[in-house]
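Residue numbers (my numbering), protein chains in the order written: chain A, 13 to 129; chain B, 35 to 141. What follows is a short report on a single structure.
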Amino acid sequence: EVQLVESGGGLVQPGGSLRLSCTASGFNFYYYWVAWVRQAPGKGLEWVASIDPHGNDTYYVDSVEGRFTLSRDYAERSLYLQMNNLRGEDTAIYYCVRDTFGVFDFWGQGTLVTVSS
Amino acid sequence: EIVLTQSPGTLSVSPGERATLSCRASQNVGNNYLAWYQQKPGQSPRLLVYGATTRATGIPDRFSGSGSGADFTLTISGLGPEDFAMYYCQQYTTLPRTFGQGTKVEI
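See below:
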């Protein structure tokens, strides 16, 4: 059974930093893209970033480019999202997803990030 | 960036009826790389359809995707109580991956 378990969310002040983690199980972590998709309170879905199976290529939505960094650790079977210079509009539930050629076929339960003073 | 516009915003239907949801793209979605997701309150989204027409594993056949180019449709036949939810379309032919704003299917 594919499972994606996020952690690391919380309350942070504007301009602050936070690192989200996602631990994957139930599939070969070496073979798949993984990604983050977020959902602001009461709003729709927004793709944030994706990373290729080898960890060499990363892609970001423009609004987070230069502030967020995506990485993966194969030994830990984990995905990380380092978020710096956070803004109010980054407040959202962040979902870790398995990204199969752009199709988000499995989703974690999400972790809430709140940016507020 | 491909902008996806879903209509209607809210669809009121009765159990057992058919629901037809539309997703229009601002430009052609190459290879019909269009997916549909269902999200119930307090839950994570779930993949329903990809490639515009292919149901994901375990999705009942009352969910049917159709369309091509820039116009796509999700049809839910014989709505059950568990089908009342938000539905999102998403394109994956180009970056950034983009979603429609969603259609709420309510009783």
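We put the beta carbon where it would ideally sit given N, CA and C, even for glycine. The structure presented is a predicted model; accordingly, all values stated were derived computationally and were not measured.
Tell me I93(B)'s beta-bridge partners as DSSP assigns them. Indexing the second sequence from 1 puts residue 93(B) at position 59. Partner(s): none; I93(B) has no beta bridge.
Residue interval of the beta strand (DSSP E) (run including K74(B)): Within the second sequence, the letter at position 40 stands for residue 74(B). Taken as a continuous stretch (DSSP letters only), K74(B) belongs to no beta strand (DSSP E), as it is neither H nor E.
Three-way DSSP call (helix, strand, coil) for S129(A) in this model: Within the first sequence, numbered from 1, the residue matching residue 129(A) stands at position 117. The answer is coil: DSSP assigns S129(A) none of H, G, I, E or B.
Output the boundary residues of the beta strand (DSSP E) element that contains Y67(B). Mapped onto the second sequence, residue 67(B) falls at position 33. No beta strand (DSSP E) holds Y67(B); DSSP gives it neither H nor E.
Would you say A119(B) reaches chain A, if we count a Cβ-Cβ gap shorter than 9 Å as a contact? For this step, residue 119(B) is matched to residue 85 along the second sequence. No, because no Cβ of chain A sits closer than 9 Å to the Cβ of A119(B).
List, in order along the chain, the chain B residues whose C-beta lies closer than 7 Å to that of Q121(A)? Here the question's residue 121(A) lines up with position 109 in the first sequence. By Cβ distance, chain B contributes S78.
Reduced DSSP secondary structure (H/G/I, E/B, other) of V73(A): Numbered from 1 along the first sequence, position 61 holds the residue referred to as residue 73(A). Of the three classes helix, strand and coil, the one that applies to V73(A) here is coil, per DSSP.
One question on the structure: do R80(B) and W48(A) come within less than 9 Å of each other, judged by their Cβ atoms? Mapped onto the second sequence, residue 80(B) falls at position 46. Mapped onto the first sequence, residue 48(A) falls at position 36. No, they are not a contact pair.
Compare the C-alpha of V115(A) against each of D95(B), A90(B), L38(B) and name the closest. For the purposes of this step, residue 115(A) is identified with residue 103 of the first sequence, where counting begins at 1. When each option's Cα is compared against that of V115(A), the closest is A90(B).
On the premise that Q40(B) lies in contact with G99(B), defined as a C-beta separation below 8 Å, what is that separation, rounded to the nearest angstrom? Here the question's residue 99(B) lines up with position 65 in the second sequence. Here the question's residue 40(B) lines up with position 6 in the second sequence. Their Cβ separation, rounded to whole angstroms, is 13 Å, which puts G99(B) and Q40(B) out of contact at 8 Å.
Apply the 10 Å Cβ neighbour rule to V14(A) and answer buried if 16 or more other Cβ atoms are within range, or exposed otherwise. Numbered from 1 along the first sequence, position 2 holds the residue referred to as residue 14(A). Exposed, because fewer than 16 other Cβ atoms sit within 10 Å of the Cβ of V14(A).
Is R31(A) near Y92(A), with beta carbons less than 9 Å apart? Working through the first sequence from its first residue, we reach residue 31(A) at position 19. Working through the first sequence from its first residue, we reach residue 92(A) at position 80. Contact flag set, yes.
Nearest-angstrom Cα distance between Y121(B) and Y71(B)? Taking the second sequence and counting its residues from 1, one reaches residue 121(B) at position 87. Taking the second sequence and counting its residues from 1, one reaches residue 71(B) at position 37. Their backbone Cα atoms lie some 6 Å apart in a straight line.
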